[in-house]
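Positions in the sequence shown are counted from 1; adding 11 to them yields my numbering.
Here the structure comes first, spelled out in structure tokens, and everything after it is commentary.
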Amino acid sequence: MTVVEALAGSGIDVAEARILLEHASGFSRATMAAHPEYFLNDVAADAFSSAVARRRNGEPVAYLVGEREFHSLALNVTPEVLIPRPETELLVDFAIDFLPRGGTLADLGTGSGAIALSVKLQRPDASVSAVERSAAALEVARANASRHRLEIEFLHGSWFDPLAARRFDVVVSNPPYVAEGDRHLAQGDLRFEPRSALVGGVDGLDEIRKIVAAAPGHLNRGGWIAIEHGQGQDDEVRNLLGQAGLESVSSLPDLAGIARISVGKYNPE
Ligand code: GLN
Numbered sequence: 012m013t014v015v016e017a018l019a020g021s022g023i024d025v026a027e028a029r030i031l032l033e034h035a036s037g038f039s040r041a042t043m044a045a046h047p048e049y050f051l052n053d054v055a056a057d058a059f060s061s062a063v064a065r066r067r068n069g070e071p072v073a074y075l076v077g078e079r080e081f082h083s084l085a086l087n088v089t090p091e092v093l094i095p096r097p098e099t100e101l102l103v104d105f106a107i108d109f110l111p112r113g114g115t116l117a118d119l120g121t122g123s124g125a126i127a128l129s130v131k132l133q134r135p136d137a138s139v140s141a142v143e144r145s146a147a148a149l150e151v152a153r154a155n156a157s158r159h160r161l162e163i164e165f166l167h168g169s170w171f172d173p174l175a176a177r178r179f180d181v182v183v184s185n186p187p188y189v190a191e192g193d194r195h196l197a198q199g200d201l202r203f204e205p206r207s208a209l210v211g212g213v214d215g216l217d218e219i220r221k222i223v224a225a226a227p228g229h230l231n232r233g234g235w236i237a238i239e240h241g242q243g244q245d246d247e248v249r250n251l252l253g254q255a256g257l258e259s260v261s262s263l264p265d266l267a268g269i270a271r272i273s274v275g276k277y278n279p280e
């Protein structure tokens, strides 16, 4: 079977087929484009067919190839971690802008390490701590930090727990925020992602409530917290930030114009 035959006969989205074939064959995209007549050896052909079958069954491309690009970093991903999504880059951009020189950042529920690593890459002056409750996910994050030679402090535990009384200049989190009964959980990639990274109780806000309530005890004066949430949750998350005594509370839109992260500043009298 040739490259072009494999791609034409896959029956899946051609862009996805190219990613799977690149992974299965070791041919780069450029090689496949320039030489559609190249033959695949049996190992590559078998690997491609089995990846296509799994993709047809709904498995996310990122898990099939073990990798996803996020904010200019190629990150290892396994089914133990949420697949990094473009909208989460907003949290990275906020942290990069709001971290003072030589400041400290905590990323709560780091998963693959996407946010923590991306911030550290852009802001090597900052000290970055990444917290994760899942030991398996923490392994993935550590592997990503080694892969990109980024120095991150990793801590095992839930939200602020392993940080004891430490305070930070910026706290960021992309916590689970999907409501328990949300029909999206039965669709697309979400079916294969860890529920513990997706579901935040009946209204989706259980974990955000915990994080926001504890935030004032972990922010330096003038420090910021930025939390990702779902579409339509921004009013409630701003309320929670206000109730916790945070100031300058606002929500920022993602590229699609959806209020996607909400932020607040710790500025006690
Ligand atoms: N953004 C994800 C989704 O709705 C949810 C991620 C999360 O809960 N943190 O697909």
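Every residue gets a Cβ at the ideal spot worked out from N, C-alpha and C, and that includes glycine.
Buried versus exposed, by CB contacts within 10 Å (16 or more), residue i
i: residue 50; result: exposed
i: residue 218; result: buried
i: residue 126; result: buried
i: residue 57; result: exposed
i: residue 91; result: buried
i: residue 242; result: exposed
i: residue 266; result: exposed
i: residue 80; result: exposed
i: residue 239; result: buried
i: residue 258; result: exposed
i: residue 135; result: exposed
i: residue 21; result: buried
i: residue 148; result: buried
i: residue 250; result: exposed
i: residue 108; result: exposed
First through last residue of the alpha helix (DSSP H) which encompasses residue i
i: residue 40; result: 40 to 45
i: residue 177; result: Here residue 177 belongs to no alpha helix (DSSP H), and DSSP marks it neither H nor E.
i: residue 30; result: 25 to 36
i: residue 166; result: First-last for residue 166: 164 to 167, but that is the beta strand (DSSP E), not the alpha helix (DSSP H).
i: residue 154; result: 146 to 158
i: residue 137; result: Note, residue 137: premise wrong, no alpha helix (DSSP H); not H, not E.
i: residue 70; result: Premise fails: residue 70 is in no alpha helix (DSSP H) and is neither H nor E.
i: residue 129; result: 125 to 133
i: residue 16; result: 14 to 19
Nearest-angstrom beta carbon gap, residue j and residue i [assumed within contact, 8 Å]
i: residue 281; j: residue 200; result: Lying before the first or after the last residue shown, residue 281 is absent from the chain, which here runs from 12 to 280.
i: residue 208; j: residue 122; result: 6 Å
i: residue 279; j: residue 232; result: 7 Å
i: residue 115; j: residue 145; result: With a Cβ gap of about 23 Å, residue 115 and residue 145 do not count as contacting.
i: residue 174; j: residue 142; result: 7 Å
i: residue 234; j: residue 277; result: 5 Å
i: residue 230; j: residue 178; result: 6 Å
Continuous beta strand (DSSP E) stretch holding residue i: start and end
i: residue 78; result: 78 to 81
i: residue 273; result: 270 to 277
Whether residue i touches residue j by CB criterion (8 Å)
i: residue 269; j: residue 237; result: no
i: residue 27; j: residue 43; result: no
i: residue 101; j: residue 183; result: no
i: residue 67; j: residue 23; result: yes
i: residue 224; j: residue 255; result: yes
i: residue 227; j: residue 210; result: no
i: residue 128; j: residue 180; result: no
i: residue 78; j: residue 86; result: yes
i: residue 248; j: residue 261; result: no
Residue i CB to nearest heavy atom of the ligand SAM below 7 Å
i: residue 96; result: Of the ligands one can find in the structure shown, namely the ligand GLN, none is the ligand SAM.
Completely contained beta strand (DSSP E) runs for the stretch 84 to 122, where each covers 3 or more residues: 84 to 87 and 115 to 119
Secondary structure, alpha helix (DSSP H): runs of 4+ residues fully inside the stretch 190 to 260: 217 to 225 and 245 to 254
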